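Residue numbering for the sequence shown is 1364 to 1696, as defined by my numbering.
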Amino acid sequence: MQFGYTETCLGHDTGERHPETADRLRAIRQQLSRRHAVEYVAADPASISAVTAVHDEEYVDELREFCANGGGNWDPDTVASEGTLDAALASAGLAQWAAERALAGDDGRRTPFSLGRPPGHHAVADDAMGFCFFNNAAVAAQTVIDDGAADRVVIFDWDVHHGNGTQDIFYDRDDVFYASIHEQGLYPGTGDADEIGSGAGERTTFNVPLESGAGDPDYLLAWETIGAAVERFDPDLLLVSAGFDAHRHDPISRMRLSTEGYALLTDAVRETADAVGAGLGFVLEGGYGLDTLSESIATVHETFDGRSPVGDDDEPTAATRDLLDDLRERHDL
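See below:
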């Protein structure tokens, strides 16, 4: 794979004991150094105008001033430093790069994956939250739509937390389809099954809130159902908001997705993208166990480098099956 990366993202300093740390990127790079055919690509930071296409100007100005004054706790969980604004612009720029390269036809071993931080999917139009300042995937999707490179974009969020910011930004839009598999009841408490979009965007939001303890077969069945809706939507681009905190050994979730499960999910998403002729790119979100984060990303890379993922005979839970039966009815599938 091609990995978008810049040292600027290391300058976002969250202090001691914060789970979203620059060591996440260092661990990923170290793990990928042991893998074949890894390529790193730099990208320009996002412009302020690209960011304000999805975020309020007043909020961006407030964040700029906050960082210029040395930063601090934006809220109890979300910490900024003097380098946060530059890192956030760089992270959004890497997501733009991933979207643009995917639409340009980079696939297979050249599939783009942006390794940016801070993450983005909790950032709403007028506020930072959940470790996120600018919504990287939303900036990328809006950029390629505004540039005329894509008419319809899917953002698939497999982070263990619901991407409330991405959902909110596009909730009443019919040109961006947002789908999320997440742990029910976990922060930020959004993403119920009945949140399906409104107005022109009705049925362009697809939430799968799984019970805690869900594992590989639950996620694969969830994607099978989402994939049918994605095929109906017929996007030009499929962006994965790729958080790795649903891993069974991640310290802040209770899900049971395995490292191999990420390979299986990657392969399933790739098949759907190929079926609809959509470009495919990845944007880093969460994942806070350094070993599980780095190993899972390396496994995604190896899936595009020719390794076939291996499944098992486990079955989805009855609760997952019932939820997806309900969702198929809600979404007229």
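Note that CB positions come from ideal geometry on N, CA and C, so glycine has one too. Since we're looking at a predicted model, the values are computed, not measured.
Mind reading off the beta-carbon distance from residue i to residue j? Whole number of angstroms is fine, and I expect it under 8 Å.
i: Val1414; j: Ala1465; result: Not a contact, Cβ separation roughly 20 Å.
i: Ala1406; j: Leu1457; result: 5 Å
i: Gly1493; j: Pro1408; result: Not really, about 22 Å apart at Cβ, beyond 8 Å.
i: Ala1501; j: Val1417; result: 5 Å
i: Asp1608; j: Val1523; result: 4 Å
i: Pro1672; j: Ala1638; result: That belief does not hold up - the Cβ atoms of Pro1672 and Ala1638 are roughly 18 Å apart, past 8 Å.
i: Thr1441; j: Ala1491; result: 5 Å
Can you grab the Cα-Cα spacing for the pair residue i / residue j, in whole Å?
i: Gly1644; j: Val1593; result: 15 Å
i: Glu1425; j: Thr1683; result: 42 Å
i: Glu1370; j: Gln1530; result: 29 Å
i: Leu1373; j: Ala1681; result: 43 Å
i: Val1507; j: Gly1548; result: 33 Å
Report buried or exposed for residue i, applying the criterion of at least 16 other Cβ atoms within 10 angstroms of its Cβ.
i: Gln1505; result: buried
i: Glu1463; result: buried
i: Glu1402; result: exposed
i: Pro1703; result: Shown here, the chain extends from 1364 to 1696; a query on residue 1703 therefore has no answer.
i: Glu1383; result: buried
Out of the options, point me to the one whose CA is closest to residue i's CA.
i: Leu1687; options: Phe1494, Asp1522, Ala1585, Phe1569; result: Ala1585
i: Ala1605; options: Pro1408, Val1442, Asn1499, Ala1451; result: Asn1499
i: Asp1676; options: Gly1560, Ile1391, Asp1538, Asp1581; result: Asp1581
i: Gly1468; options: Ala1641, Ser1561, Thr1680, Leu1690; result: Ala1641
i: Ala1577; options: Thr1384, Glu1678, Val1404, His1375; result: Glu1678
i: Leu1653; options: Val1571, Tyr1422, Leu1395, Phe1429; result: Leu1395
i: Phe1476; options: Leu1583, Gly1374, Leu1388; result: Leu1388
i: Ala1461; options: Asp1438, Leu1600, Ala1486; result: Leu1600
i: Ala1542; options: His1525, Ser1671, His1610; result: His1525
i: Ala1631; options: Ser1659, Glu1587, Pro1598, Glu1648; result: Glu1587
i: His1485; options: Val1507, Val1516, Asp1520, Arg1515; result: Asp1520
Over what stretch of residues does the alpha helix (DSSP H) that includes residue i continue unbroken?
i: Ile1532; result: 1527-1533
i: Ser1657; result: 1653-1667
i: Gly1575; result: Per the sequence presented here, residue 1575 reads as Ser, with Gly not at that position. Careful: Ser1575 lies outside any alpha helix (DSSP H) and carries neither H nor E.
i: Gly1624; result: 1622-1639
i: Leu1643; result: Element bounds for Leu1643: not the alpha helix (DSSP H) but the beta strand (DSSP E), 1642-1647.
Below 7 Å, is the gap between the Cβ of residue i and the nearest heavy atom of the ligand GTP?
i: Leu1573; result: In the structure on display, the ligand GTP does not appear, and there are no ligands present to speak of.
In the DSSP assignment, find the unbroken beta strand (DSSP E) run with residue i in it and report its ends.
i: Glu1546; result: 1539-1546
i: Tyr1403; result: 1402-1404
i: Ile1518; result: 1516-1520
i: Ala1605; result: 1600-1605
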